[in-house]
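First comes the structure, then the notes that go with it.
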Amino acid sequence: MRSEVPPLRRHQPPSPLHQRPQPSEPCAVTNIQWTEQTWNPTTGCDRISDGCLNCYALSMAKRLKGMGSAKYQTDGNLTTSGPGFALTTHPDTLTEPLRWKKPRKVFVNSMSDLFHARVPRDFLAQVFAVMAATPQHTYQILTKRPDRAARILTDLCTCGNGHPPGEHFRSSMEWAATPHSPTYVPGLEHGIYHRSGWPLPNVWIGTSVENQKYADLRIPALLKTPAAVRFLSMEPLIGPVDLCGPIVPGRGRPRLTYWLDGRPGYSDPVPTGTGIEMRSLTTGPRLDWVIVGGESGPGARPMNPAWATQIVQECQYSKVAVFVKQLGTVWARENNASDTKGGNPDDWPAELRVREYPTTTEAPRA
Ligand code: SF4
1 MRSEVPPLRR HQPPSPLHQR PQPSEPCAVT NIQWTEQTWN PTTGCDRISD GCLNCYALSM
61 AKRLKGMGSA KYQTDGNLTT SGPGFALTTH PDTLTEPLRW KKPRKVFVNS MSDLFHARVP
121 RDFLAQVFAV MAATPQHTYQ ILTKRPDRAA RILTDLCTCG NGHPPGEHFR SSMEWAATPH
181 SPTYVPGLEH GIYHRSGWPL PNVWIGTSVE NQKYADLRIP ALLKTPAAVR FLSMEPLIGP
241 VDLCGPIVPG RGRPRLTYWL DGRPGYSDPV PTGTGIEMRS LTTGPRLDWV IVGGESGPGA
301 RPMNPAWATQ IVQECQYSKV AVFVKQLGTV WARENNASDT KGGNPDDWPA ELRVREYPTT
361 TEAPRA
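Structure representation (structure tokens):
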């Protein structure tokens with residue numbers, strides 16, 4: 001009976017905007033319940049893995065091209081991309097967030113992948129400079145290319161002065177806020193390097209994981225990427241993914257996972273004046289948030305609810321926030337669900353009714 005089923009668990013109430021249909025959407029997300037606003041400084045992309053098979057943005061770009069939308073008039077490679085979906089930068093959109101006074105969660109590049117190989121590094125620095133200059137907003141970046149994100153945001157010093165990783169990228173951000181610079185973004189004020197922390201406290205970076213193969217490839221790269229919040233979008237989930245091994249009730253965890261718990265280690269030695277070096281126990285980067293969802297739309301592939309249940313249990317065991325978005329079109333059809341995407345939690349098994357958000361009060365982890 002419905003009344004016996006526990007209510008949704010939430011760390012914070014969803015935005016009143018969260019059910020609003022989004023006209024331009026990303027990586028197979030059709031109703032982005034976990035954000036409030038989209039911002040597309042680039043559009044277009046190329047398929048890179050199994051999760052891209054039914055890319056929503058690719059289909060949407062074709063429609064937008066047919067409607068004459070100016071941002072979608074350049075065709076991409078017909079094998080990996082499609083009509084209106086060539087990777088294109090849009091410098092004219094860079095200043096949009098400067099005009100949004102009310103704080104909001106902003107999904108960056110719902111119609112592209114910000115870390116696509118053809119997005120120039122200087123353009124990325126401009127995007128990050130705008131995010132640094134608008135700390136009232138929280139930016140959510142989702143990429144299937146976390147290896148490039150890690151490389152760029154932790155770039156090694158090439159000037160011979162021994163700068164720490166990422167320092168040159170931060171300099172490029174400052175350059176984007178400097179009026180006489182060729183990369184200057186109008187409206188930015190010089191000094192963001194000193195005004196902003198690093199990693200930027202208002203930027204969350206996530207990667208898409210559709211099956212175990214891409215979990216193994218992308219999660220380690222994400223954990224090397226500096227971000228205030230690191231998250232996974234496991235949608236469309238098309239295979240089981242083991243984030244930490246099955247949990248046996250009453251018997252605890254069979255093995256540790258560094259993805260959910262952080263890799264244990266030791267700090268640099270602290271001088272004590274006694275000749276004995278002291279090191280404190282530390283924990284390395286870990287995931288902060290996991291979103292799970294089945295595929296929706298034409299040609300949707302099935303998600304076994306047991307795969308989602310295991311992920312929810314693993315996250316709960318490690319106290320990582322988890323958000324179940326939908327169980328997908330195939331599940332909805334087979335279970336005569338009230339929502340065609342399986343997006344109504346009232347229809348789900350009780351253990352899947354979880355919609356949590358990460359807490360962001362702690363200091364960003366590098
Ligand atoms: S990476 Fe995302 S936007 Fe790019 S083709 Fe794949 S699903 Fe589409």
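Numbering (full-length UniProt numbering) for the sequence shown: 1 to 366.
For each residue, glycine too, the CB sits at the ideal point set by N, CA and C.
This structure is a prediction, so every number in the text was calculated from the model and none was measured.
Query: Coarse secondary structure for I238, derived from DSSP in three states; Result: coil
Query: Contact check, G82 vs G76, beta carbons under 8 Å; Result: yes
Query: Proximal residues to L352 (C-beta, below 7 Å), its chain only, five neighbours per side dropped; Result: P305, A308, T309, V312 and V324
Query: Bridge partner(s) assigned by DSSP for residue 376; Result: This structure gives no information on residue 376, because the portion of the chain shown stretches from 1 to 366.
Query: DSSP beta-bridge partners of T43; Result: T88
Query: C-alpha gap between A125 and G160, whole angstroms; Result: 21 Å
Query: L64, enclosing alpha helix (DSSP H) - first and last residue; Result: Y56 to G66
Query: Contact under 8 Å by Cβ, T93 with P41; Result: yes
Query: Whole runs of the beta strand (DSSP E) within the stretch 264-299, excluding any shorter than 3 residues; Result: 264-266, 281-283 and 289-293
Query: Start-to-end residues for the beta strand (DSSP E) that takes in Y139; Result: T138 to T143
Query: The stretch 58-68 / the stretch 127-142 touching (three or more Cβ pairs under 8 Å); Result: no
Query: Residue span of the alpha helix (DSSP H) that contains F128, given as start and end; Result: R121 to A133
Query: Collapsed DSSP secondary structure at T93 in the structure displayed; Result: helix
Query: First and last residue of the uninterrupted beta strand (DSSP E) at F323; Result: A321 to Q326
Query: Beta-carbon proximity of T283 to P264, cut-off 8 Å; Result: yes
Query: Three-state class that DSSP yields for C27 in the structure shown; Result: Summary for C27: the model assigns pLDDT 35, below 50, so the residue's position carries little reliability, and this model does not support an answer.
Query: Contact test: D46 Cβ vs the ligand SF4 heavy atom, cutoff 7 Å; Result: yes
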